[in-house]
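Contents: one structure, followed by commentary.
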Amino acid sequence: MVAVGTYRNTTRRTLILDEVQAAEGHLTAGEIFERVRRRYPTIAYGTVYRSLHLLAQHGQIQELTFADQSSRFDKRADRHDHVHCLECGALVDVDVPVALVARHVAEEQSGFAIASHHTVFAGRCPDCGIRETNERRTEARLAAGNGKPPTTLGARGGQNR
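Okay, so the sequence shown: first residue is 30 according to this note's numbering, each after it adds one.
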């Protein structure tokens with residue numbers, strides 16, 4: 030929810046916002062701090078952390094929180110959804126019109142005047158899927174012995190050729 034009122038725009042906050050907007054992905058506060066520190070070496074981590082939360086409260090950026098990971102910050106403050114990889118933590122923006130329908134259904138069923146919603150689809154990204162497939166193939170080869178494919182035994186216990 031966007032906070033009402035204004036905040037003082039400082040050089041530091043401008044640098045922080047610039048780094049979030051220049052990012053290709055969704056960065057953590059630590060990653061943003063490292064980027065800002067290259068341009069402003071004396072900046073403190075606490076300043077970056079507080080500024081990110083202030084920028085999110087005022088609708089300049091979006092904060093995405095996950096129970097087992099650090100918050101991520103998104104330059105897109107408009108209403109959109111995300112896909113999150115449960116293995117590597119990748120986070121990707123997606124626009125899913127069906128999520129808007131779900132919001133209206135939730136309003137009708139609950140009587141709430143819903144101000145916002147955030148949809149995060151969780152699963153495995155393509156890279157992690159490929160990596161798991163390759164790991165399974167390697168494990169199967171190793172389980173067969175010495176990295177060679179398993180042999181088939183014939184009816185009399187001999188090997189088929």
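We treat Cβ as the ideally placed atom computed from N, Cα and C, and that holds for glycine.
query, result
"Candidates Leu120, Ser145, Glu92 and Gln50, of which the one nearest Arg157 by Cα", "Note that residue 157 is Cys in the sequence shown, not Arg. Comparing Cα positions, the closest option is Leu120."
"Residue nearest to Val106 in terms of C-alpha spacing, selected from Cys114, Leu171 and Leu81", "The displayed chain sequence assigns Ala, not Val, to residue 106. Here the closest residue by C-alpha is Leu81."
"Cβ contact (3+ pairs, closer than 8 Å) linking the segment 69-78 and the segment 87-94", "no"
"Cβ-Cβ distance between Phe102 and Val123 below 9 Å", "no"
"Per-residue burial, Ala58 [other beta carbons within 10 Å of its own, 16 or more giving buried]", "buried"
"In DSSP terms, what Arg114 is bridged to", "In the sequence under discussion, the amino acid at residue 114 is Cys, which differs from the Arg named in the question. Cys114 pairs with Gly152."
"Exposure label - Arg64; buried when at least 16 CB within 10 Å", "buried"
"Helix, strand or coil at Thr94 [DSSP, three-state]", "strand"
"Opposing strand residues paired with Leu191 [DSSP bridges]", "An answer regarding residue 191 cannot be provided, because it is not within the stretch 30 to 190 covered by the chain."
"Continuous beta strand (DSSP E) stretch holding Leu120: start and end", "Leu120 to Val123"
"Neighbourhood of His55 by C-beta, 6 Å cutoff - its chain only, sequence neighbours within 5 removed", "Arg101, Asp103 and Leu120"
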